[in-house]
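Quick notes on the structure that follows.
Protein chains: 2
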Amino acid sequence: MRTGIATVCLSGTLKEKMQACAIAGFDGIEIFEQDLVTSPLNPEDVRTMAADLGLGLDLYQPFRDFDGVTPDLLKANLRRAEAKFKLMSRLGMDTILVCSNVATATINDDGLRAEQLSELAELAGDHGVKVAYEALAWGKYVNDYEHAYRLVEMVDHPNFGTCLDSFHILSRDWDTAPIEKINADKIFFVQVADAPKLSMDVLSWSRHYRVFPGEGQFELAKFMGHVVRAGYTGPVSLEVFNDVFRQSDVERTAVDAMRSLIWLEEQSAKWLAGNASEGDAAASRRRYPMELATLPKVSEPAGFNFAEVKADDTAQLEKLLGQLGFAFEGRHRTKDVQLWTMGQARVIINEQAAQHAEPAIAALGFDVDSPVIASARAQQLKAPVVARKVQADEEVFQGISAPDSTEIFLCQGSPDGTAAWTHEFGEGPEHPAAGASAVIDHVNLAQPWQHFDEAVLFYTSALALEPQPFAEVPSPSGLVRSQVMQTSDGAVRLVLNLAPVQQAPVQQSPARQARKTYQEHIAFAVDDLVSTARSARDRGLEFLQIPANYYEDLDARFDLEPGFLATLQELNLLYDRDATGEFLHFYTATVGSVFFEMVERRGNYDGYGAPNAPVRHAVQYDLARP
Amino acid sequence: MRTGIATVCLSGTLKEKMQACAIAGFDGIEIFEQDLVTSPLNPEDVRTMAADLGLGLDLYQPFRDFDGVTPDLLKANLRRAEAKFKLMSRLGMDTILVCSNVATATINDDGLRAEQLSELAELAGDHGVKVAYEALAWGKYVNDYEHAYRLVEMVDHPNFGTCLDSFHILSRDWDTAPIEKINADKIFFVQVADAPKLSMDVLSWSRHYRVFPGEGQFELAKFMGHVVRAGYTGPVSLEVFNDVFRQSDVERTAVDAMRSLIWLEEQSAKWLAGNASEGDAAASRRRYPMELATLPKVSEPAGFNFAEVKADDTAQLEKLLGQLGFAFEGRHRTKDVQLWTMGQARVIINEQAAQHAEPAIAALGFDVDSPVIASARAQQLKAPVVARKVQADEEVFQGISAPDSTEIFLCQGSPDGTAAWTHEFGEGPEHPAAGASAVIDHVNLAQPWQHFDEAVLFYTSALALEPQPFAEVPSPSGLVRSQVMQTSDGAVRLVLNLAPVQQAPVQQSPARQARKTYQEHIAFAVDDLVSTARSARDRGLEFLQIPANYYEDLDARFDLEPGFLATLQELNLLYDRDATGEFLHFYTATVGSVFFEMVERRGNYDGYGAPNAPVRHAVQYDLARP
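Written out as structure tokens, the structure reads:
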């Protein structure tokens, strides 16, 4: 599959964009007219630079408002088109995108439109240019790809074809199956974009909220499947207008974009394999002209292997874990790290932090079928590799860096939930105290606003986690956007939180601000939260103090048994209930940017106590006040 | 008019919100349930604190999903309501908002609904509570205020009335005239919110994009006019869910909120005076029970009086102005400021800046009918006053501080466009060089994202500038939102720009970042731009260099006369044309955060060369690269 991207997806100058696209590994680019007009590079410079970078210049865009106009306007439009054709010849480009008219069209007549587009095709032919005509979703008269294709058939000129854009097709809910009936020679270009399902006017939706494939909710694998079945073999190019991407680091965004196409390619191949076309039993084995590359296989992680917290001074972390009931298992034989466990919940305390670094979540380990295959997959998806020094005879961890810079380690799971590497820790007490059994229930990570969508695609594509519908939680400093990514069995649950900008503590260094704008936490699940809480209290744990008003409201909402309500309040426990079960939980005080949560799930309760989150935010906010 | 605000409008804890509301001068507040539930203050504390702050506790909200339910659910809902009634008694509150059911209603029968609401009214009566029933715009069965009122009439209980919310009424385009027919005794509460006209689902629109009156596009004066005519005399309270306000400084937002109500009160009185009700010729003189306070009158400013630029080292500014053709008129007799003029365009260079402070726009002077009246108005609208030292016999400037901290001076205009205070400048050359005539055409100010809506209301209410439809301009670091505020004759044009977050230069101090995240400029209009540009070039002016590609595109778009096009390119002039006329302009290089623009308007051209703005952004971005 030939990969492409429109320069309008990225921030920066044309030169910066081209360099970033080359680094990310794109085959070609679409040049957005404005990027050229505003550039100090002349067309010949751009041509040379693209050749040096190994980038094809696949499409010049956009040319707007050509068809369905008065004769006077047609003349002016042809003049304007010819100027662009000449420019394209200097750039060495042969395909131009012409969008259906949104502004100046006054005549709704397919015969006239075809006539005017024929004149354009003729002129394009004289200059060796191919015109890809696209139906914009909000085109005045032409807004349906099938209509655009009918016009292509009417024009019937070798230099006139169509461009299929997933946004313009899927935002209008057009059926994508008829794509297969289009003559592949007449599909001059294919653009892809994903988007969240929003109910708003399609123009605003398109101009601000498009995202890369895998970051939204469109059925893009199906769209691409139909395109492949049509026999199309040209570029598959991203055209994504997104307010955030336009403000973000250009190289990061280009890599995110490339990852989305690699993932889409795999998903499209899967869709084709799983969806034989009607009346064609052999279709699932049929080879199509477009070659779709495959990735190393992935399956959902079986669970968390460990969580790692890092600090310069680790005393507070050790104290908190001890009070929660974790046992100190010893120090690593060669590294300055400690292992603490509570049943199968393993927490590593890493002492190798920078001077004065406050406690923070640094790494997460996941149990996977094959760390090597999972790591190969992640690397093909352009995840940055994390290198860790290992000694001979120590377990090698395959590590990659998540978009928020948390280190993700791919570990060999075991049927009994143990981890072989724990034997590398040897200097702890002979018989660690047998505490309550626990597992890591979920981990809540703060995401920088520039990389939220990127993180969703990262965990979807590299770890096969499934994004759930997102929630918005009120806090005293603004709404917190909360996105759960989890496995189908709930064994791994990751909560990505997008915190309000103002929560960035101003006294911190810029580097730290980018990473930790918000408190993060690790939650452990136990069988009996009340007894866990009592034991922790007896050990002196500092609980997050829940206001009395909360318990009054709880009572008003749930009509709880008075003794139970009193226990909740006595121990600062929070409570939630829905049709599937009950949820009890409590929070510890925060050290650095990290705190811990203990939860008990009763019945099939599958949530996170969302109605209680505002209480936690408010109390933590109050404590953080000067 | 009794002013109120819901705590959900503001950031912070309940305590912080209450304090900010008291400082801003609100009569009362609505307590949003979650703000109490998450607070460590018990109800008695809240009651005492409100009394100490002089704040009425006017409404407890919200109580959701009561009506149209099964008998089982009704029982649970009544139990929940009673708990809240008891809580309200501890708070000393007597009115509760009950919203029409959006989630749990299963029975669509007004008879049953009235029956269930009667039970609620009865219970409320027992606790001395009044229930204000409100139709949410997205209520499952009840979403129209007239429908809610019919239910109030059916229930017919002294403790049961309705709440009118402008958002829920205007977002659905319900006719507001029938409000007048509602029995005033049955209107228990009125909530107001404005909003930009967006085409999206009404729930998202409501939860994220509401703004304070005067910051959106709803016809609120008319809404309030009908409410006043109905005979309502209770609180008029803001209920605004806005993602930005929830992240902003609580005291600033509370003042912005209060300003919006003061302004709305004036606009409502005006609407009533101008819109006699049908068949009632005396209505415009009729007094309604609700007293509407009036503000000192304002009319549009006649023009810019001056612009002031401030720097520690002013050499670069002096050089630029000199090269543009400005004449140095001398220094002020007592202050360290210089006056530079070009015709009626006056620029003050202020040398009293902090050490190492880069050049920046510091102040703007506007010609008004009466500086004292305008200043009184601004102060009643809670604009912060700027104090400047003056000597005896010097002109006293009435100054206020705009939301972006630009100082705004209200000056006595003169019929011939001169300014009396220029006589205080006396040590310049005896006969300043007679340059070309010029006026300040427009000033472009960068706005911090937290205070953009606040700025629109500020200039609307204090200076009678009219907001125009906003534009979004692409730049290499993201979209720039551009909002023109102008007088009807175009004599004063102010462009408020909301720049992408990433444009904040990281090396600057936080205080400066908040103010100057983006380049700002002053534009001067001349009669003959080509000759002005030639003279400036001869004086060595550093023009912003416009790429050659721009002129090729210009030619493709406009088919310009070759000699004219060559002149434009030779002098780095930009060009635009529309049905009303033509626009020529050029930019200078930037010093500190400020640059200058020279424009020539031909015919009735009323814009700002918007198609050229991306070129400017791209070139400036490129120059600012390390």
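In the order they appear, the protein sequences are chains A and B. Per my numbering, residue 221 is the first one in the first sequence, and the count goes up by one each step. Per my numbering, residue 221 is the first one in the second sequence, and the count goes up by one each step. For glycine and all other residues, C-beta sits at the position ideal for the given N, C-alpha and C.
- prompt: Below 8 Å between beta carbons: does that hold for residue 385 (chain B) and residue 337 (chain B)?
  reply: no
task: Say whether chain A places a C-beta atom closer than 8 Å to the C-beta of residue 272 (chain B).
output: no
query: Should residue 393 (chain B) be listed as close to the ligand SAH, given that the test is whether its C-beta is under 7 Å from any heavy atom?
result: No copy of the ligand SAH occurs in the structure displayed, which carries no ligand at all.
task: Using a Cβ-Cβ cut-off of 8 Å, state whether residue 350 (chain B) counts as contacting chain A.
output: no
Burial state of residue 320 (chain A), where buried means 16 or more other Cβ atoms lie within 10 Å: buried
Spatially closest choice to residue 834 (chain B) from B:700, B:522 and B:389, by CA coordinates: B:700
- request: Specify, as a first and last residue, the run of the beta strand (DSSP E) that residue 695 (chain B) falls within.
  value: 691 to 695
Anticipated Cβ contact below 8 Å, residue 244 (chain A) with residue 477 (chain A), distance rounded: 7 Å
query: What are the residues of the segment 530 to 547 of chain A that lie near chain B, defined by any Cβ-Cβ distance shorter than 9 Å?
result: none
- prompt: Considering only C-alpha positions, which residue in the set B:349, B:801, B:529 and B:775 is nearest to residue 740 (chain B)?
  reply: B:529
field: CB contact below 8 Å: residue 769 (chain B) versus chain A
entry: yes
- prompt: Near residue 314 (chain A), which residues of its chain fall below 8 Å by C-beta distance, leaving aside the five closest residues on each side in sequence?
  reply: 308, 348, 349 and 350
- prompt: What do you reckon, are the CB atoms on residue 527 (chain A) and residue 593 (chain A) nearer than 8 Å?
  reply: no
- prompt: On the three-pair Cβ rule with 8 Å, is the segment 481 to 499 of chain B touching the segment 254 to 270 of chain B?
  reply: no
message: Taking beta-carbon pairs under 8 Å, can you tell me which members of the segment 295 to 307 of chain B lie near chain A?
response: 296, 299, 300, 303, 304 and 307
task: Might you give, ordered along the chain, the residues of its own chain that have their beta carbon closer than 6 Å to the beta carbon of residue 849 (chain A), omitting 5 neighbours on each side?
output: A query on residue 849 (chain A) cannot be resolved here, the shown segment of chain A reaching from 221 to 846 and no further.
field: Proximity test, Cβ basis, 8 Å: residue 776 (chain B) and chain A
entry: yes
- prompt: Taking just the CA atoms, how far does residue 342 (chain B) sit from residue 303 (chain B)?
  reply: 15 Å
query: Since residue 262 (chain B) meets chain A, which of its residues come closer than 8 Å, beta carbon to beta carbon?
result: 768 and 769
message: Please state the DSSP three-state secondary structure of residue 854 (chain B).
response: This structure gives no information on residue 854 (chain B), because the portion of chain B shown stretches from 221 to 846.
- prompt: residue 341 (chain B) touches chain A at which residues, Cβ-Cβ below 9 Å?
  reply: Correct list: empty, because the minimum Cβ distance to chain A is about 19 Å.
message: List, from N- to C-terminal side, the alpha helix (DSSP H) runs of 4 residues or more that fit wholly inside the segment 249 to 274 of chain A.
response: 253 to 257 and 263 to 273
Nearest-angstrom Cα separation, counted from residue 693 (chain B) out to residue 233 (chain A): 15 Å
- request: Assuming residue 455 (chain A) contacts residue 247 (chain A) (C-beta within less than 8 Å), just tell me the rounded distance between them.
  value: 7 Å
- request: Scan the segment 319 to 400 of chain B and note each continuous alpha helix (DSSP H) run of 4 residues or more that stays entirely inside, going in chain order.
  value: 330 to 346, 365 to 375 and 386 to 390
message: Strictly under 8 Å for the Cβ-Cβ distance: is residue 549 (chain B) near chain A by that measure?
response: no
query: Would you report the Cα separation of residue 222 (chain B) and residue 255 (chain B), rounded to the nearest angstrom?
result: 22 Å
- request: Report the rounded CA-to-CA distance for residue 542 (chain A) versus residue 703 (chain B), giving the unit in angstroms.
  value: 57 Å
message: Can you check whether the C-beta of residue 232 (chain A) is within less than 8 Å of a C-beta belonging to chain B?
response: yes
message: Which of the three DSSP states is assigned to residue 225 (chain B) in this structure?
response: strand
query: Of all the options A:413, A:538, A:450 and A:441, which has the alpha carbon lying nearest to the alpha carbon of residue 406 (chain A)?
result: A:450
message: Could you tell me the alpha carbon to alpha carbon distance between residue 674 (chain B) and residue 577 (chain A), rounded to whole angstroms?
response: 39 Å
- prompt: Would DSSP call residue 407 (chain B) helix, strand or coil?
  reply: strand
- prompt: Does the segment 794 to 809 of chain B come within contact of the segment 273 to 290 of chain A, defined as at least 3 CB pairs closer than 8 Å?
  reply: no
message: Short of 8 Å in beta carbon distance, which residues of its chain neighbour residue 720 (chain B), apart from the five on each side in sequence? Order them along the chain.
response: 695, 697, 698, 699 and 700
query: Do residue 371 (chain B) and residue 329 (chain B) come within 8 Å of each other at the CB atom, strictly closer than that value?
result: no
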